[in-house]
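Taking it in order: structure first as structure tokens, then the write-up.
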Amino acid sequence: MSKKLWGGRFESETDALVERLGESVSFDSRLAPWDIRGSIAHARMLGDCGIIAKNDAKKIIAGLTAIGKDIESGEFLWDLALEDVHMNIESALTKRIGEAGKRLHTARSRNDQISTDVRLWARDQVDTVIELLRALQRALLSFAEAHIDVLLPGLTHMQHAQPVLLAHHVHAYIEMFARDEQRFSELRKRVNVLPLGSAALAGTPHPIDRQQVAKELGFDRVSENSMDAVSDRDYLIEFCADSALVMMHLSRLSEELVLWSTPEFGFIEIGDAFTTGSSIMPQKKNPDGAELVRGKTGRVYGDLTALLTLMKGLPMTYNRDMQEDKEPAFDAADTVQLCLGVTAKMIPSIKVKRAVMLAATREGFLEATDLADYLAAKGLPFREAHEIVGKLVLLCTKSGRRLPELALDELKAASSLFTADVTKLFDPMTLVKRRDVPGGTAPAQVKAALRRASKRLR
Ligand code: ARG
């Protein structure tokens with residue numbers, strides 16, 4: 003009858019639709035390299051512990067290595083009827099080396115096997131994401147350093163607030179991605195725990211050596227509870243949650259790049275390689291790269307929601323529902339890696355129109371806070387100073403002027419504390435330089451922050 007590795011107690015075939023429902027090999031075949039690594043470590047341990055013959059272990063290891071090469075070269079034939087990556091590889095092994103292949107699954111279940119595979123996979127994804135996050139931070143750092151003297155209006159509520167250094171603005175994103183990097187480093191510790199040896203749910207009567215397997219596979223420790231180990235998917239949920247945060251940060255950066263590329267802002271031009279034209283409007287240069295990164299964010303939020311919902315209310319221990327964890331996790335990993343890669347490449351392509359940015363700092367009364375601070379420094383309570391400058395802004399809006407265009411007499415009429423030296427506040431770089439507190443936008447502070455980032459990243 004069937005070639006199913008679990009077929010013993012069955013008298014008739016699986017329904018064709020159930021087979022389609024149950025197969026995972028169409029998506030979990032990508033776990034093959036990690037499945038094979040885990041199986042090789044398991045087989046070696048079985049041989050070393052005398053659970054199977056050393057010679058059988060040797061044959062298994064050689065067979066698995068050869069199968070790994072077939073898979074890599076694309077020669078391996080995946081069979082949906084064999085359900086998943088595990089049984090495809092195990093059947094191929096037995097076909098290849100005979101009897102010995104049937105001993106590989108001693109002291110093991112697919113329940114601890116899949117969790118081991120996915121943890122090995124997730125650990126590599128975490129390492130890749132950390133590398134990509136660091137590369138993006140380096141790209142942002144170089145960009146900030148190359149534009150260290152560029153000013154632009156800082157916004158709150160999308161309204162002009164106070165002038166800032168572009169490098170300060172960009173450094174804000176370096177901080178976001180640095181936190182993301184930390185989150186993934188923390189996650190790595192929780193991923194790096196070996197579930198193998200838990201078997202189906204309760205452990206195994208065979209005298210296995212879990213430490214040996216952990217050591218060969220580079221796990222920091224072995225899981226403490228077999229029931230938890232086969233049913234824990236926290237690490238995948240965390241992977242998606244951490245990825246969702248990265249995407250959220252990328253979407254904010256993307257949004258700013260889109261806005262800054264509009265004629266209304268006109269602050270930047272993104273390189274041709276990261277923009278596309280329109281099939282009807284010849285003049286168009288659309289910031290598709292940034293838009294797509296912004297759009298992909300939703301997928302990763304979806305992946306996180308899918309995994310949280312999948313695991314909600316599942317009783318102990320392994321339940322087949324959990325097979326549905328793969329596609330969201332794969333999608334989150336692929337998406338976050340692609341988007342980090344694209345953004346890191348896009349940043350150096352950006353041309354900054356510094357004159358437009360500087361001109362924008364002259365609009366929107368960016369000096370207002372400093373005028374109030376000026377009066378406060380001369381002893382006026384800040385609330386009163388705020389009120390006086392508010393009235394000056396109103397005077398400006400009514401007469402179509404900017405604050406620097408007010409006559410000294412007009413300022414003096416508003417407050418006798420104004421003297422001629424107030425005009426020094428009408429230079430945006432002066433305003434920036436005045437914010438010389440740790441974390442502030444003064445060039446000295448920003449340069450020091452960039453130096454610290456450089457030490458961490460280069
Ligand atoms: N393909 C399965 C999964 O991804 C492997 C574990 C199957 N275990 C089982 N008892 N049917 O979850």
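If you read the sequence shown in our numbering, its first letter stands for residue 3, the second for the next number, and so on.
C-beta atoms are modelled at their ideal positions from N, C-alpha and C, and glycine is treated no differently.
Query: Distance cut-off 7 Å: Tyr320 Cβ against heavy atoms of the ligand ARG; Result: yes
Query: Where the beta strand (DSSP E) through Gly477 begins and ends; Result: Past the boundaries of the shown model lies residue 477; the chain is included only from 3 to 460, so the question cannot be answered.
Query: Sufficient close CB pairs (3 or more, under 8 Å) joining the region 107 to 122 to the region 181 to 201; Result: yes
Query: Run of the alpha helix (DSSP H) containing Val302, from where it starts to where it stops; Result: Asp290 to Met313
Query: Ile116 in three-state terms, based on DSSP; Result: helix
Query: Contact test: Arg458 Cβ vs the ligand ADP heavy atom, cutoff 7 Å; Result: Judged by which ligands are present, the ligand ADP is missing from the structure shown, whose ligands are the ligand ARG.
Query: Reduced DSSP secondary structure (H/G/I, E/B, other) of Val439; Result: coil
Query: Rounded C-alpha distance that separates Ser418 from Ala409; Result: 13 Å
Query: Candidates Thr206, Ser228 and Ser233, of which the one nearest Met313 by Cα; Result: Ser233
Query: Outcome for Lys71 when other beta-carbon atoms lying within 10 angstroms are tallied against a minimum of 16; Result: exposed
Query: Gln161 in three-state terms, based on DSSP; Result: strand
Query: Separation of Met89 from Ser225, as counted between CA atoms; Result: 24 Å
Query: Leu238 versus Arg110, Ile54 and Glu326, residue with shortest Cα-Cα distance; Result: Glu326
Query: Rounded straight-line distance, which links the Cα of Leu106 to that of Ser41; Result: 8 Å
Query: Contacting residues, own chain, Cβ-Cβ under 8 Å from Arg296 (five flanking each side not counted); Result: Leu252, Ser253, Ser256, Glu257 and Val260
Query: Straight-line gap, Arg364 to Glu389 (C-alpha atoms, nearest Å); Result: 21 Å
Query: Local Cβ density within 10 Å of His159, reported as buried at 16 or more and exposed below that; Result: exposed
Query: Residue span of the alpha helix (DSSP H) that contains Lys347, given as start and end; Result: Lys328 to Met348
Query: Buried or exposed (CB count within 10 angstroms, at least 16 for buried), Asp17; Result: exposed
Query: Whole-number beta carbon distance between Leu82 and Val27, since they are thought to touch under 8 Å; Result: 6 Å
Query: With 16 other Cβ atoms within 10 Å as the buried cut-off, status of Arg110; Result: buried
Query: Alpha-carbon to alpha-carbon, Phe428 and Ser351; Result: 33 Å
Query: Chain-order list of residues whose beta-carbon lies under 8 Å from that of Lys56 (same chain, five-residue window excluded); Result: Gly49 and Asp50
Query: Environment of Ser263 [buried if 16+ CB atoms lie within 10 Å]; Result: buried
Query: C-beta atoms of Leu122 and Trp36 nearer than 8 Å; Result: yes
Query: Distance between Gly300 and Pro430 (C-alpha atoms, nearest Å); Result: 38 Å
Query: Inter-stretch contact at 8 Å, needing at least 3 Cβ pairs: the region 372 to 384 / the region 281 to 298; Result: no
Query: Asn113 beta carbon near the ligand ARG (any heavy atom closer than 7 Å); Result: yes
Query: Residue range of the alpha helix (DSSP H) that includes Val20; Result: Ala18 to Gly24
Query: Contact set for Ala331: own chain, Cβ-Cβ below 8 Å, skip 5 residues either direction; Result: Val120, Ala124, Leu238, Phe241, Cys242, Asp305 and Leu309
Query: Distance cut-off 7 Å: Gln325 Cβ against heavy atoms of the ligand ARG; Result: yes
Query: 8 Å Cβ cutoff met for Val434 and Leu154; Result: no
Query: CA nearest to the CA of Ala357, picked from Asn194, Glu21, Phe267 and Met250; Result: Phe267
Query: For Cys341 and Leu95, the rounded distance between their alpha carbons; Result: 38 Å
Query: Buried/exposed call for Gln184, threshold 16 Cβ in 10 Å; Result: exposed
Query: At least 3 beta-carbon pairs within less than 8 Å: the region 199 to 219 vs the region 166 to 183; Result: no
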